[in-house]
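Novice: Note that the sequence shown covers residues 23 to 196 in the numbering used here.
Even for Gly, the Cβ is constructed at its ideal location relative to N, Cα and C.
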Amino acid sequence: SATFPLQVLGFEVDAINSVQLSNHTGYPTAKGQILNESDLGVLVDALLENKLLKYTHILTGYVGSPSFLTKVGEVVTLVRKLNPNLVYVCDPVLGDNGKLYVPESLVSIYRAKIVPLADVLTPNHFELELLCGKSINNVNEAWEAMSTFHDQGCKTVILSSSNFGGEDELLALA
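(1) Just confirm the distance between the C-beta atoms of S87 and I56, as a whole number of angstroms; I'd bet it's less than 8 Å.
(2) Any chance the CB of Y84 is under 7 Å from a heavy atom of the ligand PLP?
(3) For I11, does the three-state DSSP call read helix, strand or coil?
(4) Quick one: Cα of E34 to Cα of K73, how far?
(5) Name the two residues that bound the continuous beta strand (DSSP E) containing I56.
(6) Measure the Cβ-Cβ separation of A164 and L152 and say whether it is below 8 Å.
(7) Below 8 Å on the Cβ atoms is my contact criterion, and I expect I158 with H147 to pass it. Report the Cβ-Cβ distance as a whole number of Å.
(8) CB-CB under 7 Å to D118, same chain, minus the five flanking residues each way: which ones, in chain order?
(9) Measure the beta-carbon distance from L205 to V111 and round it to whole angstroms, keeping in mind my assumption that it falls under 8 Å.
(10) What are the complete beta strand (DSSP E) segments, minimum 3 residues, inside the stretch 51 to 92?
Below, the structure written as C-alpha cells:
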C-alpha cells in the first residue's frame with residue numbers, strides 16, 4: 023500500500039508482494055496466496071544475477087508466512103552487505119486492538135531476526151506490546167519499550183497508534 027504514495031513523491035519503487043489476498047486477514051475469511059521463502063528467493067536471486075540489488079531503502083509491511091519473514095531478514099542482510107548505508111524501514115504488521123492478523127510464530131521471528139535489522143520501526147500499540155512481550159499501560163512504559171529497540175540498534179521507533187489519552191488528545195511518540 024506504500025507503493026503508489028512513494029511513486030507520487032517521485033521515488034522509483036520495486037514492489038514485491040508477500041501476499042495476494044482478497045482482503046486483509048482481519049475479516050473472517052480471506053482467500054488468495056501467501057508467498058513463502060522460495061517465492062521471495064527466486065526474485066532476489068534474479069535481481070542479484072542481473073546486478074539489480076542496489077537498493078538504498080527497503081520497506082516491509084504485512085507478511086503472512088514465517089518462512090517469507092525469515093527470508094526478508096536474509097535479504098536485508100545481503101543488501102546491507104552490498105550497500106552498508108541501506109535504510110530498512112519495518113512496519114511489523116501483526117495485528118491491532120488485541121487481535122493478531124498473522125500466525126503467532128511471526129512474533130518471535132520479528133523479535134529475534136527482524137527488529138535488530140531495522141533502522142526505523144513503526145509498531146502500533148498492540149504490536150509494541152507483542153514485540154516487547156509485556157503490557158504497556160502508559161506513556162512512560164511506551165518510552166521504556168521503545169528504548170529497548172534503540173538498545174538493539176534501531177535508530178528510530180515510531181509508535182503509530184496508542185490507547186493513551188482521550189479523543190480530544192493527540193500524542194506522538196517517536
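Specialist: From the atom records:
(1) That pair is a contact at about 5 Å.
(2) In terms of ligand content, the structure shown is empty, and the ligand PLP therefore cannot be addressed.
(3) Residue numbering for the chain in the displayed model covers 23 to 196; residue 11 lies beyond these limits and cannot be assessed.
(4) Straight-line spacing of the CA atoms in E34 and K73 works out to 17 Å.
(5) Taken as a continuous stretch (DSSP letters only), the beta strand (DSSP E) holding I56 covers 54 to 56.
(6) Contact check for A164 against L152 fails: the beta carbons are separated by 8 Å or more.
(7) Here I158 really is in contact with H147; their C-beta atoms are around 7 Å apart, less than 8 Å.
(8) A distance below 7 Å between beta-carbons, with the five flanking residues on each side excluded, links D118 to the following residues of its chain, in chain order: N146, F148.
(9) This structure gives no information on residue 205, because the portion of the chain shown stretches from 23 to 196.
(10) Listed in chain order, the complete beta strand (DSSP E) runs (minimum 3 residues) inside the stretch 51 to 92 are 54 to 56, 79 to 82.
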